[in-house]
C-alpha cells in the first residue's frame, strides 16, 4: 500500500519542480544572420530541444555582417536591462573555425554572454565588469553528431551551451576551464574634457532616426554645468577633417526645437547625442560612426 | 506539529498560485524603432525584469518613423484577434517628453493599449470602443532611477507600466487617474454610398504585396448587392486628380483572374480592396495611401 | 462531506494537468507576409486565443512573395532541429481560396507541418519522410465567424488548426481525413557524380553573406575523397551558359583563405558550397539560385 505520507512527499517534490520551472531560464540571441533564412530558427530549435521550458528572445539579428564593434555596442546597450541570470548568445563570428576562443563571460551584474572572444565583449567587459570568464569545452558542450559541421558554431556550440546553462542542465563551472579576466578588445577612442571642451568619438548611429550618439557620458557633460536651453558649439570630424559645424541648444525634448532643427540631448544610455527634430541628422550631413569619427562640443560664450 | 489540514491548505494555495500563473500575461509591442538596434530588446528586458512569467510578442517595429496613422491602423488590424486581458505597448512617440499624455486605454473587448495619446488610438477607440482611459501616473509607474533619461519613455514608462499591468502587479485602477472617454484623433475621410457610388479613402497599402486597402466596409458594399464575377468600375484619385481608372471583377480568390490582372476583393478585415493577381498594384500604378488618396467604385451597367 | 481521498484525487488531476501543460506546445510560423504589417501578429493572436500556454516562434516571414521553393527550402533547413511534436505553420499561399488542399503533414521524425499543399512540402517530404498526411476539415477546423473572409487562411485556418493541434485540443486524427502519402512537388534537378565530376543545382543563396549553396550532399562529395587544402575546379552555369569559372581550395574555415578569396566548403546542412572569405560571392559574380542555375565541380589534377 502507498502511504499517505509518500503521496504527500511526491506532491511536494512535484510542486517544487513546477515552482523551479518558474525560474528565469531566459536566452537572448544576437547575430549578423538576418531574418531572411533559417539560421536563427535552427539555433532556437536547438535551444528548445535542450529544454522546452526556456524563454527565447532576440536582441537583433541585423548586425551588419562581420561588424564586431556594433555587436559589442548592442550588448552594452541592452544587457543591463535584463535580469541577472539571463544568458545572451551573440554570434558575430567571421573567424568561425579558426583559433579564436569560444567563451562564456559572467558580468558583475549576473548576466552571462556566450560568444566567440573576438572583440564582442569589448564594451560590456568594461562597463559591467567581469565576474568570471570560462572557455567552452567543446568535448562536452557541443551538439551531438555536429562534428562534421564546422561553419555554424552558433547552432552547434553557442546556442546549445547557452541553452544548457540557462536551463540549469550545466552549471557555469561545467562550461569549461576558467580563463584570466581579460577579453579581446577592439581599440576605441576615449572621451575627454580639457579646458571646457568635450572630445569624443561617434560610438554609433541611432540608425532608425539618424541621430548621432557619441561616447561622451552624462557625468562628463555635467562637469561643464549645462542648462536646458543653453547653446552649444558642435563640430564633427572624419579622419580629422571637419565635416559639420553648428550651434544648437541643449534640449530636454526633441519638440523643444522646430521641426528639422538640431539639438544636443542625452540619449537613452545617457550619452551626449545630436539630432534633428523629426529629421535624419546622419543622412542630411553625411555623418557616419566608428573610431575615425570624432566630435568636439563646447559652450557658446 | 504541522496538521494535515494546514499542509493541504498550503498545497491549495500553491496550486492556486501555479494556476494563476497560467493566466493571460501577454504583452504585445509595437514601435517605429526597427529591429536593427537594441531599443526593442531593452523594452523586453525591462518587462522580463518586472516578471519573468510574462509572454512577450511583437505586432511590428517597422512602422515608418513618426507615422502615427500607420500605428493606429496596425492596432485596429490586430487587437481584436488577441484575447481579452492582452496588453499592447505602442511607442510611436515623436513628442516624447512634451505635454502629450501617457495613457492606458481599455477597449470594450477587454484589451489594454499603453501609448502616448497622440492619435495612435484614433481607430481602435472608434472600432472597439472605449471602456476606460487612465493617465499613467509617472510618480509611481516609472522605472526606478530612470528620471535622468527623458527620450525613451517606451522603455522607462510604457514597457514598465504595461508589464506591471499584465503581470497583475498593479490593477488597471493603479495606472493613474481616469480620464474622459475621448482620445486625440487624426482626421480621416469616412466612407460613403450615394446613388450607387461608393466613395472612400485608401486607408493603407498591403505593403508586402502592393494591394490597395480602402476604408469601405463590407456592410456598405453589400448594400449594392455585388455578385462574384460581376465587373466594377474603379477610379483612384490623388489630391482630387485621377491617377487610375479601370474595370475589374469582384472575385472570391486572386486565382479567379489571370496572373497580372486586377480584381476587387474583400481584405482580411472585410474592407473593399484592389489587387493584381500575383502582381503589385501600388507599384505598377504609383498608388499611395493616406487621407489625400480617395477611390470611387460603382457597378458597370 | 468531501473525503480526503477525493481531495487527493483532485490534486492528482490538477497536478497532472499542470505537468501536461509543461509539454512541447511549440508552434513555429513561416510566411511571405513580411514584418511591416499586422498579419503575423493576427495569426499569433489567434493562436494565443486558442491557448495562452502555447510557445510561439518564427522561422522567417521574409520569404519572397509567392516563392514556394524558398519556403520548401527553409523548412528543410530548420525542421530537423526542433523537437518532435513541434507544429510548423507555413503560409506561402498564392492560391488562397482555390482548390489547392490544406493539409497537415507529420514527418517520420515527429514534427507537424500545417500548410497549403502547393509544393511547400517538396523537400521535407523527401528528406524527413512522410509519416501521415491529413486534409484539414474546414467544417470543424476553422476560426468561428471567419467564413466571410476568404483571403487569409493563414489566420483563419492554418494558425487556428496548428494552435489547436499543438495545444492538444484536437488530436492529429481530428485534423481531417487521411490522404495518400504524396505531396505536390516542385521539379528540381538532382545532384549527380559521373567520372569524377560532381553536378548539381544552386539550391539557394545564403542571402545574408552571398554564399552559394548547392544541392550536392557531403556523402556524394566524399566519394571523390577530398582533402582540406586541395584545389577544385568550379564552374557555374545559368540556363546552360557559363557565368563563372575558377579554382579554389576545399577549406575547413573561411579564414583559411585570404580576405576576398574563394573557397569550397560544406555549409551547415553539409552541402557543397562556395564563398568569398568575408565577401559576397553571389553579388560579385552575379550568381542566382534556382533550378536554372547549375554547377560542376571536379578535382584539379
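Residue numbers (the numbering used here), protein chains in the order written: chain A, 9 to 309; chain B, 9 to 309; chain C, 9 to 309. Built from N, CA and C at the ideal position, the CB exists for glycine as well. Owing to the predicted nature of the structure, the values given are computational and were not obtained by experimental measurement.
Smallest Cα separation from residue i: which of the options?
{"i": "residue 7 of chain A", "options": "A:87, A:174, A:155", "result": "Not covered by the structure: residue 7 of chain A. The range shown for chain A is 9 to 309."}
{"i": "residue 44 of chain A", "options": "C:68, C:51, C:57", "result": "C:68"}
{"i": "residue 258 of chain A", "options": "A:49, A:95, A:305, A:104", "result": "A:305"}
{"i": "residue 153 of chain A", "options": "C:89, C:124, C:195", "result": "C:89"}
{"i": "residue 94 of chain B", "options": "B:151, B:174, B:129", "result": "B:174"}
{"i": "residue 240 of chain C", "options": "C:278, C:282, C:247", "result": "C:282"}
{"i": "residue 143 of chain B", "options": "B:155, B:158, B:42, B:126", "result": "B:126"}
{"i": "residue 80 of chain C", "options": "C:212, C:253, C:247", "result": "C:212"}
{"i": "residue 128 of chain A", "options": "A:82, A:116, A:277, A:255", "result": "A:82"}
Closest Cβ-Cβ distance between residue i and chain A: below 8 Å?
{"i": "residue 301 of chain C", "result": "no"}
{"i": "residue 279 of chain C", "result": "no"}
Starting from residue i, find everything on chain A with Cβ-Cβ shorter than 9 Å and list it in chain order.
{"i": "residue 123 of chain C", "result": "Chain A residues near residue 123 of chain C: none, gap ~16 Å exceeds 9 Å."}
{"i": "residue 102 of chain B", "result": "262, 263, 285, 286"}
Is residue i helix, strand or coil by DSSP?
{"i": "residue 76 of chain C", "result": "helix"}
{"i": "residue 163 of chain C", "result": "helix"}
{"i": "residue 60 of chain A", "result": "coil"}
{"i": "residue 225 of chain C", "result": "strand"}
{"i": "residue 195 of chain A", "result": "coil"}
{"i": "residue 116 of chain C", "result": "coil"}
{"i": "residue 101 of chain A", "result": "coil"}
{"i": "residue 140 of chain A", "result": "strand"}
{"i": "residue 230 of chain B", "result": "helix"}
{"i": "residue 279 of chain A", "result": "strand"}
{"i": "residue 86 of chain A", "result": "helix"}
{"i": "residue 7 of chain B", "result": "A query on residue 7 of chain B cannot be resolved here, the shown segment of chain B reaching from 9 to 309 and no further."}
{"i": "residue 91 of chain C", "result": "coil"}
{"i": "residue 66 of chain B", "result": "strand"}
{"i": "residue 54 of chain B", "result": "helix"}
{"i": "residue 183 of chain B", "result": "helix"}
Residue i lies in the alpha helix (DSSP H); which residues open and close that run?
{"i": "residue 211 of chain C", "result": "Careful: residue 211 of chain C lies outside any alpha helix (DSSP H), inside the beta strand (DSSP E) at 205-214."}
{"i": "residue 258 of chain A", "result": "Taken as a continuous stretch (DSSP letters only), residue 258 of chain A belongs to no alpha helix (DSSP H), as it is neither H nor E."}
{"i": "residue 174 of chain C", "result": "168-174"}
Could you tell me which chain B residues have their CB closer than 9 Å to the CB of residue i, listed as they occur along the chain?
{"i": "residue 37 of chain C", "result": "Those do not exist, as residue 37 of chain C stays about 11 Å from chain B at its closest Cβ, beyond 9 Å."}
{"i": "residue 291 of chain A", "result": "Within chain B, no residue comes near residue 291 of chain A; the closest Cβ sits about 12 Å away, beyond 9 Å."}
{"i": "residue 7 of chain A", "result": "Nothing about residue 7 of chain A can be read from this structure; chain A reaches only from 9 to 309."}
Could you work out which residues of chain C lie near residue i, taking near to mean beta carbons separated by less than 8 Å?
{"i": "residue 163 of chain A", "result": "89, 276"}
{"i": "residue 57 of chain A", "result": "89, 90, 91"}
Start and end of the beta strand (DSSP E) containing residue i?
{"i": "residue 300 of chain A", "result": "298-307"}
{"i": "residue 287 of chain B", "result": "Where residue 287 of chain B is concerned, there is no enclosing beta strand (DSSP E), given that its DSSP letter is neither H nor E."}
{"i": "residue 269 of chain A", "result": "Where residue 269 of chain A is concerned, there is no enclosing beta strand (DSSP E), given that its DSSP letter is neither H nor E."}
{"i": "residue 152 of chain B", "result": "It is not in any beta strand (DSSP E) - residue 152 of chain B carries neither H nor E in the DSSP assignment."}
{"i": "residue 37 of chain B", "result": "34-39"}
{"i": "residue 200 of chain C", "result": "200-202"}
{"i": "residue 132 of chain C", "result": "Segment 130-135 is the alpha helix (DSSP H) holding residue 132 of chain C; no beta strand (DSSP E) there."}
{"i": "residue 242 of chain A", "result": "239-246"}
Are any of the Cβ atoms in chain C nearer than 8 Å to that of residue i?
{"i": "residue 30 of chain A", "result": "Caution applies to residue 30 of chain A, whose pLDDT of 38 falls short of 50 and renders its modelled position unreliable; the value that the coordinates give is listed next. False, the Cβ-Cβ gap to chain C never drops below 8 Å."}
{"i": "residue 238 of chain B", "result": "no"}
{"i": "residue 244 of chain B", "result": "no"}
{"i": "residue 223 of chain B", "result": "no"}
{"i": "residue 42 of chain A", "result": "yes"}
{"i": "residue 273 of chain B", "result": "yes"}
{"i": "residue 34 of chain B", "result": "yes"}
{"i": "residue 95 of chain B", "result": "no"}
{"i": "residue 298 of chain A", "result": "no"}
Counting only Cβ pairs nearer than 7 Å, list the residues of chain B close to residue i.
{"i": "residue 310 of chain A", "result": "The structure shown does not extend to residue 310 of chain A, since chain A spans only 9 to 309, so no value can be given for it."}
{"i": "residue 86 of chain A", "result": "46, 49, 50, 53"}
Who are the neighbours of residue i on chain A, taking C-beta pairs under 7 Å?
{"i": "residue 65 of chain B", "result": "The contacting residues do not exist; residue 65 of chain B stays about 11 Å from chain A at best."}
{"i": "residue 260 of chain C", "result": "105, 158"}
Starting from the beta carbon of residue i, find every residue of chain A whose beta carbon is closer than 8 Å, and list them in chain order.
{"i": "residue 144 of chain C", "result": "By Cβ distance, chain A contributes nothing, its closest Cβ being about 23 Å from residue 144 of chain C, past 8 Å."}
Please list the partners that residue i has in chain C, where partner means a Cβ-to-Cβ separation under 7 Å.
{"i": "residue 74 of chain A", "result": "286"}
With a threshold of 8 Å between beta carbons, is residue i in contact with chain B?
{"i": "residue 263 of chain A", "result": "yes"}
{"i": "residue 49 of chain C", "result": "yes"}
{"i": "residue 132 of chain A", "result": "no"}
{"i": "residue 68 of chain A", "result": "yes"}
Can you pull the chain C residues whose beta carbon is under 9 Å from the beta carbon of residue i, in chain order?
{"i": "residue 54 of chain A", "result": "89, 90"}
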